[in-house]
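> My questions will all concern the structure given below.
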Ligand SMILES: [Cu+2]
């Protein structure tokens, strides 16, 4: 049976089939991920056998095999996305206020979410970022004037709704922009914190899930301490359009950071801008192995954090995570719902001396 035959993932969960993989499945996955990260050939998953009807073809057993295209012109590279901040075109208004300006478009585009698995997405793009899922990471400082010149080049009506403080007229609920129409969203950046943007055209769940979202960072006036900064959007894809996700990831590509661990240094401050945009599932999470992080919820306060290794976020919630890793080696991070980890949402830091 394949996903193409409208296989319901949750149908299996209810029957206990996938649930039976449980902890053992994750352990096998970890082992294979480590081996793969070191360049080994994937070994057959013993849990694959004896589960008639559970075809992992859409996500390649306990981990996908092969690699997505990250090198051809216009291809999405999850490694570059981590640090790809788009500060816009910067100028100064007569009042002395900094103006940041972006030309943003929406377009239909087929994207690769796992090796050989393509998804008919709707995506935001800019010249710097290209057209990808997630869209560009817009970054500014509190108090800047922001101007987004948006053109809908997609086949459906779209908008851009930004989180944060601004007037209802700039909120991206109306007007709905038809194909070929443009609108300029303009407002002052506040409050500082970790925000997001997404399309607000009904049906919202479909417009968001198709890929129209991105991260929106407003830095505090004095900035944050220097760190290796990484953007992670927890997202997922309903490949057979049955209202349930089959593929999960941070930054779109299942298992990408498991196959390509993110290089960091022992003792260096790491700051993750973590946003949950996952549609259809009520929550998502990030659990860090071998370390603990300071968790700044929404990033809107600098003087309060929780010290933990586990954050759970509803759709639209976000958190800034700051930590150092003390031990060299491969440090794992993943959704603590093992089900989501097994379907692609798992990665490693390659901690180097
Ligand atoms: Cu839309």
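Numbering (this note's numbering), first residue to last: 30 to 382.
Glycine included, every Cβ here is placed at the ideal spot set by N, Cα and C.
Note that the structure is predicted; figures quoted are calculated from it, not measured.
1) In the DSSP assignment, find the unbroken alpha helix (DSSP H) run with residue 237 in it and report its ends.
2) Got a sec, what are the start and stop residues for the alpha helix (DSSP H) residue 468 sits in?
3) Grouping DSSP H, G and I as helix and E and B as strand, with all else coil, what is residue 288?
4) Which residue comes first and which comes last in the alpha helix (DSSP H) that contains residue 367?
5) Flag this pair as yes or no: are the beta carbons of residue 243 and residue 144 separated by less than 8 Å?
6) By the three-class DSSP mapping on this structure, what secondary structure does residue 376 have?
7) I'd like the span of the beta strand (DSSP E) that includes residue 302, first residue to last.
8) Please name the residue, chosen from 150, 223, 261, that lies closest to residue 109 on a Cα-to-Cα basis.
9) Let's see if you can read the secondary structure: which residues bound the beta strand (DSSP E) around residue 92?
10) Skipping 5 residues on each side, what residues in its chain have a beta carbon closer than 8 Å to that of residue 290?
11) With three or more C-beta pairs closer than 8 Å as the rule, is the segment 264-280 touching the segment 347-359?
12) Quick check on this structure: which residue in 160, 117, 122, 316 has the alpha carbon closest to the alpha carbon of residue 140?
13) Should residue 368 be labelled buried (16 or more other beta-carbon atoms within 10 Å of its own) or exposed?
14) Give me the DSSP bridge partner(s) of residue 335.
15) Could you check the C-alpha separation between residue 257 and residue 300 for me, to the nearest Å?
16) Should residue 230 be listed as close to ligand 1, given that the test is whether its C-beta is under 7 Å from any heavy atom?
17) If we ignore side chains and look at the alpha-carbon of each, how far apart do residue 344 and residue 311 end up?
18) For residue 97, count neighbouring Cβ atoms within 10 angstroms of its own Cβ and tell me buried if that reaches 16, exposed if not.
19) Less than 8 Å between the C-beta atoms of residue 150 and residue 239, yes or no?
20) Does the beta-carbon of residue 225, which I'm using as the reference point, lie nearer than 7 Å to any heavy atom of ligand 1?
21) Kindly indicate the opening and closing residues of the beta strand (DSSP E) around residue 178.
22) Can the beta-carbon of residue 232 be found less than 8 Å from the beta-carbon of residue 207?
23) In the structure shown, what three-state DSSP assignment does residue 272 receive?
24) Looking at C-alpha atoms only, which residue of 264, 220, 216, 319 is the closest neighbour of residue 234?
25) Within 10 angstroms of the Cβ of residue 129, are there 16 or more other Cβ atoms? Answer buried if so, exposed if not.
26) Quick one, are the C-beta atoms of residue 190 and residue 201 less than 8 Å apart?
27) So, with DSSP's three-state summary, where would you put residue 311?
28) If we call anything under 8 Å between Cβ atoms a contact, is residue 135 one with residue 182?
29) On the three-state DSSP scale, how would you describe residue 358?
30) Is the beta carbon of residue 372 less than 8 Å from the beta carbon of residue 259?
31) Spatial neighbours of residue 157 within its chain, please: CB distance less than 6 Å, with the 5 preceding and 5 following residues excluded, ordered by chain position.
32) Tell me the DSSP secondary structure of residue 154 in three-state form.
33) Restricting to Cα atoms, I'd like to know which of 330, 307, 326 is closest to residue 162.
34) Any heavy atom of ligand 1 closer than 7 Å to the beta-carbon of residue 161?
35) So residue 221 and residue 249 are supposed to be a Cβ contact under 8 Å. How far apart are they, rounded?
36) Take residue 95 and list the residues in its own chain whose beta-carbon comes closer than 6 Å to its own, dropping the five residues that flank it on each side.
Answer, in terms of the structure:
1) Element bounds for residue 237: 233-238.
2) Outside the displayed range of the chain (30 to 382) lies residue 468, so it cannot be described from this structure.
3) Under the three-state reduction of DSSP output, residue 288 falls in the helix class.
4) Its alpha helix (DSSP H) spans residues 367-371.
5) No, they are not a contact pair.
6) Residue 376 falls in the strand class under three-state DSSP.
7) Its beta strand (DSSP E) spans residues 299-305.
8) When each option's Cα is compared against that of residue 109, the closest is 261.
9) First-last for residue 92: undefined, no H or E at that position.
10) Same-chain partners within the cutoff: 66, 359, 376, 377, 378, 379.
11) Contact between the segment 347-359 and the segment 264-280 is absent, because fewer than three Cβ pairs lie under 8 Å.
12) Measuring from the Cα of residue 140, the nearest candidate turns out to be 160.
13) Buried is the label assigned to residue 368, since at least 16 other Cβ atoms lie within 10 Å of its Cβ.
14) Residue 335 pairs with 324.
15) Distance between the alpha carbons of residue 257 and residue 300: 6 Å.
16) At a threshold of 7 Å, residue 230 counts as near ligand 1, since its beta carbon sits closer than that to one of the ligand's heavy atoms.
17) Those two C-alpha atoms are separated by around 7 Å.
18) Its Cβ being crowded by 16 or more others within 10 Å, residue 97 is buried.
19) Yes, they are a contact pair.
20) Distance from the C-beta of residue 225 to the nearest heavy atom of ligand 1 is not below 7 Å.
21) According to the DSSP assignment, residue 178 belongs to the beta strand (DSSP E) that extends over 174-181.
22) Not in contact: residue 232 and residue 207 (Cβ atoms no closer than 8 Å).
23) The three-state secondary structure of residue 272, taken from DSSP, is coil.
24) Of 264, 220, 216, 319, the residue nearest in Cα terms is 264.
25) Buried, because 16 or more other Cβ atoms sit within 10 Å of the Cβ of residue 129.
26) It is a contact, given that the beta carbons lie within the stated cut-off.
27) Residue 311 sits in coil when the DSSP states are folded into three classes, being neither helix nor strand.
28) Taking 8 Å as the Cβ cut-off, residue 135 and residue 182 qualify as a contacting pair.
29) For residue 358, the three-state secondary structure derived from DSSP is strand.
30) Against a cut-off of 8 Å, the Cβ pair of residue 259 and residue 372 comes out as no contact.
31) Closer than 6 Å at Cβ, skipping near neighbours: 115.
32) DSSP places residue 154 within a strand segment (E or B) once states are collapsed to three.
33) Closest by alpha carbon: 307.
34) Within the chosen limit of 7 Å, ligand 1 does not reach the beta carbon of residue 161 with any heavy atom.
35) With 8 Å as the limit, residue 221 and residue 249 qualify as a contact, their Cβ atoms being about 4 Å apart.
36) Correct list, in chain order: 144.
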